[in-house]
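So the sequence lines, in the order shown, correspond to chains A and B. Position in the first sequence (from 1) plus 1 gives the number in this note's numbering. Position in the second sequence (from 1) plus 4 gives the number in this note's numbering. A virtual CB, placed ideally from N, CA and C, is assigned to each residue, including glycine. Scroll down for the structure; my scribbles are underneath it.
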Amino acid sequence: MKARSLPLFSAVISVIVLLGLGAALSSQPAPPPSLTMLTKDGRRSMTIALVGDQEFVALDDLASTFGLAVQESLGAITVSYKGRTIVLTPDQSLASVSGRLISLPAPLSRNGRRWLVPVEFISRALGPIYDARLELRKPSHLLLIGDVRVPRIMVRYDALSASSARLTVDATPAANSTVTQDNQRLTIKFDVDALDLPNPPLAPQGAQSLVQDVRALDQTSLSVDLGPRFAGFRSATQPVDTTMRLTIDVLSAQPTETTPSTPAAPQPPSPPELPPAFGMPVSPIRTIAIDAGHGGDDEGARGAQGTKEKDLTLAVARRAKGIIEARLGIRVLLTRDDDRNVPLDERTAIANNNKADLFLSLHVNASLRKSATGASIFYAAFDRGSPPAEAPGGVERLPTFGGGLRDIELVPWDLAQTRHVDQSTAFANVLREQLGNRVPLAPRAVDSAALRVLESANMPAVLIELGYLTNGDQEKLLAGDGFQTNFVQALYDAVVRFRDALAAGGTQ
Amino acid sequence: MGRRWLVVGAIALVAGVLVWLMFIALPRRYGATAAKAVSAAPANAPAPPAGRKIKARLFYVAEDGTRLTGVEREIAYGEGTVAQANEIVAAQIAPVAEPFVSAVPPGTTLRALFISDRGDAYVDFSRDMIAAHPGGSTTELLTVYTIVNALTENLPAVHAVQLLVDGKEVDTIAGHVDLRRPLEKNLTWIQ
């Protein structure tokens, strides 16, 4: 669902839930809704009657559907099912279910010769005495009977750039799905009995959009109609709590500054179909931590025009996250995603604790000479001042929880990077190559130094200075869209090359 | 009567001797000692005009702003490694005229300097070192290696240098360079 229609959708749902159907009718000019009952064997519908804002169903409809016996005597109505009873009293919203009182949102009501009960009667009164599970999904007018798998589906569409977009499809409770391509259409087939979909699943998109429409194809599939610029896609699933999140990245055929390894090859959108991510070998880079330098009261360097290092680093970090996640399906963690001061150790800890495969710290330089310009890349250096070199990689036999001994590899926090310096150097060189003709470089673009934020990183790590804020021209350049796009593209290409080199064992 | 005049004369004589002692003899004696103490004062006091000089290599920001350049300068002689180290740092952080540019923030003063048996120098600077720093990894590296290299280049007894600020160890000056350990001479940063 498009971001700006999400609040509207939520509002509509809330109105249905809180106020009832009267308000819903104004936003859904459809015929009066019916309750769809889903079982393993199929679906049936039951008429819903509206009294005021409340949805009711006829008691005799329920009786025939669920095999209930209804008796009216002495001003009370007794509903029985396999020896268990519900006793209802007209004009009262309380009911007795197997001797226990439950409340209903409205008393039962008479319509001519028929008794009407609020739809909640099904879940609150009938549910406790019925043999099979009864799950009422009031907003979508669904009643699940028995063990049927009907996940709620939420679809979100985000245009990530001119040439890529992401479709996020959440299925709750989690359900597996497969994505297939048929010319200008993707089909998402869920391994379920039915789908609980919003109507429409996705608000209509513009004609230029990479994804034009998402609609229900049949009971268990969604159809994604693609725009004319579509060239390829990549999909991945990830469980999030009780939800299964399917992410489909859609790429356009528009030529962009991409590398050969980018899935969006500028070719006609005919087959061969790009392989989805599930079956691919595990990438040596699955998580990247990007550290936006400084933040909060630590502004870092500052230009004459007032550009602050902390703002530039955050802007570039966010862009890099968007592109890398969208195109590579690599998880990107930001050590901060707002304007706050994060201690240096905490920045590295975020990378270490999340087992990031690469740590990139973004900074902007300053010089006492206005002439200083260009980007530079640093990797960590350790000298004699460091504790003994044999410490990293040391193995110690320690008692474990529950008894016994285990060899634990001990790496002092401050020296975690010592094991990765070679790969950090390799990445720095790959990045310099990629930055090469796209952004201005400092005279010596790659250096090593005792940089605090890199030393504790337990993965290949570099610190990148984007350029000099103390140079007037550079200050303008760095704040501009063109530079940031070029920089992020170079970073993306460097990650792809480094990943491929790691996969081939090239930098080991 | 004669005896009375004798007593008065004796008192006057004692008073005269006391006055001489207090206002002339003693000030002369102790004044000289005090003056001697001044000449033996800490080595970072201004050197006397006719004082002994030595040559030292000091470091300033190179033309392109990304490296240091070494400059030979005459600085005051200090008796012993610690005194000489004080002189070197004092000369290095002193304001410098164009075309030289110092990587040490303006206003920074030297608070104290110690040298351990291992040859690690601990150099304690005023808060200006952090407060007046323009930031950036490169400039922070140049600031740090200005001090580290000035001491390790000119004093063979100094192997490594740790910068302190306001009498305390600091993590970094501007958020980049790890200052938690003494740093060795690093000629990478010199042109």
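Within the same chain, Cβ atoms closer than 6 Å to the Cβ of A:Leu478 are found at Phe484, the five residues on either side in sequence being excluded. Here the region 148-160 of chain A lies against the region 186-197 of chain A, with 3 or more beta-carbon pairs under 8 Å apart. Per the C-alpha coordinates, the member of B:Asp121, B:Ala135 and B:Thr113 positioned closest to B:Asp128 is B:Thr113. For B:Glu67, the nearest beta carbon of chain A is closer than 8 Å to its own beta carbon. For A:Leu452, a Cβ of chain B is located within less than 8 Å of the residue's own Cβ. Not a single CB atom of chain A sits nearer than 8 Å to the CB of B:Val169.
Within chain B, the residues Val65, Gly69, Val105, Ala107, Pro138 and Thr143 have their CB atoms less than 7 Å from the CB of A:Leu369, given in chain order. In the DSSP assignment, B:Ile92 falls outside any beta strand (DSSP E) and lies within the alpha helix (DSSP H) extending over Thr85 to Ile97. For B:Gly179, the neighbours in chain A by C-beta distance under 9 Å run, in chain order, Gly294, His295, Asp299, Gly301, Leu345, His364, Arg453 and Val454.
Less than 8 Å separates the beta-carbon of B:Gly69 from that of A:Ser372.
Collapsing the DSSP output to three states places A:Gly233 in a strand. DSSP, read as helix, strand or coil, puts A:Met38 in strand. Under the 8 Å Cβ criterion, the region 129-147 of chain B counts as touching the region 181-195 of chain B, having at least three qualifying pairs. With fewer than 16 other CB atoms across the displayed protein chains lying within 10 angstroms of its CB, A:Thr48 is exposed. In this structure, DSSP gives A:Phe383 a state outside helix and strand, which the three-state scheme calls coil. Secondary structure note for A:Gln213: its beta strand (DSSP E) is the uninterrupted segment Val212 to Asp219. At a beta-carbon threshold of 8 Å, the residues of chain B lying near A:Ala373 are Asp68, Gly69, Thr70 and Thr142, ordered along the chain. The C-beta distance from A:Ile291 to A:Ala318 rounds to 5 Å, short enough to fall under 8 Å. Contact residues of the region 425-443 of chain A toward chain B are Ala443 (C-beta to C-beta distance below 8 Å). Beta-bridge partners of A:Ser362 (DSSP): A:Asp292 and A:Leu464.
Per DSSP, A:Gln72 is one residue of the beta strand (DSSP E) stretching across Ala70 to Ser74. Between B:Thr176 and chain A, the shortest Cβ-Cβ separation is below 8 Å. For the C-beta of A:Ser222, not a single chain B residue is nearer than 9 Å; the gap to the nearest is close to 53 Å. In the assembly as shown, A:Arg453 is a buried residue. Its beta-carbon has 16 or more other beta-carbons within 10 Å.
In this structure, B:Lys57 sits away from B:Ile92, with a CB-CB distance that is not shorter than 8 Å. No Cβ of chain B is located within less than 8 Å of the beta carbon of A:Phe484. With its beta carbon less than 8 Å from one in chain A, B:Asp182 belongs to the interface. A:Pro413 has its alpha-carbon roughly 24 Å from the corresponding atom of B:Tyr126.
Taking a Cβ-Cβ cut-off of 9 Å, the neighbours of A:Leu464 in chain B comprise Ser141 and His180, given in sequence order.
In the DSSP annotation of this structure, A:Asp92 is not part of any alpha helix (DSSP H), being labelled neither H nor E. Distance check between A:Arg433 and each of A:Asn355, A:Ala376, A:Thr308 and A:Asp415 places A:Ala376 closest, using alpha-carbon atoms only. For A:Arg328, the closest Cβ of chain B is not nearer than 8 Å. For A:Lys311, the number of other beta carbons within 10 angstroms of its own is at least 16, and it is reported as buried.
At a cut-off of 8 Å, the C-beta of A:Arg445 has a neighbouring C-beta in chain B. Taking 8 Å as the cut-off, the beta carbon of B:Arg61 is found closer than this to the beta carbon of B:Glu76. The beta carbon of A:Glu310 falls within 8 Å of a beta carbon belonging to chain B, placing the residue at that interface.
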